[in-house]
Amino acid sequence: MYDKKLNGTVIVTYRCNAQCTMCNRYKAPSKPEDEISVETVKKLPRMYFTNITGGEPFIRTDLRDIVRELYKLSDRIVISTNGYFTDRIIDLCKEFPQVGIRISIEGLEQTNNEIRGLPDGYQKGYQTLKTLVGMGMKDVGFGMTVQDKNAPDLVPLYKISNDLGMEFATASLHNSFYFVESKNIIHDRPMVAQNFEDLVNGLLNSSSPKKWFRAYFNHGLINYIYGQPRLLPCDMSFDTFFIDPYGDVMPCNGTKDKEVMGNLNRQTWAELWNSPEAETVRRKVRCCDRQCWMIGSVSPAMHKYIWKPVWWIVKHKVKFWKKKKYSMYENSIVRDYRDGKVSKTELDKCSTCDMCAVVNDGLSKGTGSSSR
Ligand code: SF4
Ligand code: SF4
Numbered sequence: 001m002y003d004k005k006l007n008g009t010v011i012v013t014y015r016c017n018a019q020c021t022m023c024n025r026y027k028a029p030s031k032p033e034d035e036i037s038v039e040t041v042k043k044l045p046r047m048y049f050t051n052i053t054g055g056e057p058f059i060r061t062d063l064r065d066i067v068r069e070l071y072k073l074s075d076r077i078v079i080s081t082n083g084y085f086t087d088r089i090i091d092l093c094k095e096f097p098q099v100g101i102r103i104s105i106e107g108l109e110q111t112n113n114e115i116r117g118l119p120d121g122y123q124k125g126y127q128t129l130k131t132l133v134g135m136g137m138k139d140v141g142f143g144m145t146v147q148d149k150n151a152p153d154l155v156p157l158y159k160i161s162n163d164l165g166m167e168f169a170t171a172s173l174h175n176s177f178y179f180v181e182s183k184n185i186i187h188d189r190p191m192v193a194q195n196f197e198d199l200v201n202g203l204l205n206s207s208s209p210k211k212w213f214r215a216y217f218n219h220g221l222i223n224y225i226y227g228q229p230r231l232l233p234c235d236m237s238f239d240t241f242f243i244d245p246y247g248d249v250m251p252c253n254g255t256k257d258k259e260v261m262g263n264l265n266r267q268t269w270a271e272l273w274n275s276p277e278a279e280t281v282r283r284k285v286r287c288c289d290r291q292c293w294m295i296g297s298v299s300p301a302m303h304k305y306i307w308k309p310v311w312w313i314v315k316h317k318v319k320f321w322k323k324k325k326y327s328m329y330e331n332s333i334v335r336d337y338r339d340g341k342v343s344k345t346e347l348d349k350c351s352t353c354d355m356c357a358v359v360n361d362g363l364s365k366g367t368g369s370s371s372r
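Residue numbering for the sequence shown follows my numbering, starting at 1 and increasing by one per position.
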């Protein structure tokens, strides 16, 4: 077995029951018979962290078999879900009470349901969360993709998650093959950034070091929506990987088109990880200019370059007498935009949003995965 422990994301399916405004994945689903098999999962390397995602992972009725195999390889597993299949989620959690569950909720009830395209999505997701907390599940939380429409719900949702004693994960709009979408963009940056600023201050004022690191992550999201270079280097494909439903191993989910290092249906892990194709992808990552700020690529970087977030936290926590420890105007680009030194058109150009782009949706013709 490959001996270095990695950080992995397993995209178990591209099928989804939702129709989110910021993701067209539901229009380009994988076929069940092509999706990654338990036999392929067994070939993955050892991991210190594994995220299971989709599409909607709980659409797969054999998800528990995959989780069982992954627990033989991984120290910690977190499943990202829209929370709709309550009974399936609860059944899985009964077997694996240590598993992490992140339910994406895109705002308070009406906003969530409009963004998600599921009329009862909020109630289902919220009920699932409450049931899991009632069962004593420890690693449960919300995830929210912040955009113009739901930014005002950011702090209210954070407060709900706090009241329930849950984690609160955030993201913002990205464009890539993974979302089958290239038209995602924040329009009112100062308004969205203001809501992030309020969240950052709420997190910094807590007594939880974990929340202080989340504050840094959200500060990075302000930087990202203004189209600035990442605050931390991106080392995807060096110690972190994604594997898609077809067994294709990729550096991340942020590239415009799918970048493939190898295929685990056909190769061993060591073969694909050490292949010339993998090296080619690593060279591309080294000069990638997409500046993503998604937790999948930022969390490993925050661990690796920990002095940077730690220094940022110290600088803000020393203002212990101030309730407002952080201002979005600490970012020079936010000041420059306020002062008219840069225009909206210039900022829009820094985004990966491209109304004319044709995105490779990452679908693959059957790749020889053993069918389930
Ligand atoms: S964002 Fe998630 S829940 Fe929404 S359509 Fe895409 S895969 Fe489905
Ligand atoms: S910045 Fe990193 S995560 Fe984003 S597309 Fe480039 S390599 Fe992938």
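Just so you know, even glycine gets a beta-carbon here, dropped at the ideal spot from N, CA and C.
Only a predicted model underlies this, so the values are computations on that prediction, with no experimental measurement involved.
Taking 7 Å as the cut-off, one finds no heavy atom of ligand 2 near enough to the beta carbon of residue 9. Residue environment analysis places residue 357 among the exposed positions, since fewer than 16 neighbouring C-beta atoms fall within 10 angstroms of its C-beta. The residue among 212, 166 and 153 with its C-alpha nearest the C-alpha of residue 132 is 166. In this structure, the C-beta of residue 18 approaches ligand 1 to less than 7 Å from one of its heavy atoms. CA-to-CA, the gap between residue 337 and residue 227 works out to about 12 Å. For the beta strand (DSSP E) assignment, the uninterrupted runs of no fewer than 3 residues enclosed by the region 171 to 259 are, from N- to C-terminal side, 240 to 243 and 248 to 250. Proximity of the beta carbon of residue 292 to ligand 1 is not indicated: no heavy atom of the ligand is located closer than 7 Å. The alpha helix (DSSP H) runs of length 4 or more contained entirely in the region 36 to 66 are, from start to end of the chain, 38 to 41. Assigned with DSSP and collapsed to three states, residue 167 falls in strand. Linking residue 159 to residue 93 through their CA atoms gives a straight-line distance of about 25 Å.
About 6 Å separates the beta carbons of residue 201 and residue 325, which is inside the 8 Å limit, making them a contact pair. Per DSSP, the beta-bridge partners of residue 6 are 47. Each of 257, 250, 255 and 254 was checked against the Cα of residue 263, and the nearest Cα belongs to 250. Between residue 11 and residue 54, the CB-CB gap stays under 8 Å. With contacts defined as CB atoms closer than 8 Å, residue 81 and residue 66 fail to qualify as a contacting pair. In the DSSP annotation of this structure, the continuous segment of the alpha helix (DSSP H) that includes residue 345 starts and ends at 344 to 350. For residue 352 and residue 292, the gap between their C-alpha atoms comes out near 9 Å.
A Cβ-Cβ distance of about 6 Å is found for the pair residue 9 and residue 296, placing them in contact under the 8 Å criterion. The Cβ atoms of residue 268 and residue 5 lie no closer than 8 Å to each other.
Burial state of residue 176 is buried, judged by a 10 Å Cβ sphere holding 16 or more other Cβ atoms.
Beta-bridge annotation (DSSP): residue 263 is paired with 248.
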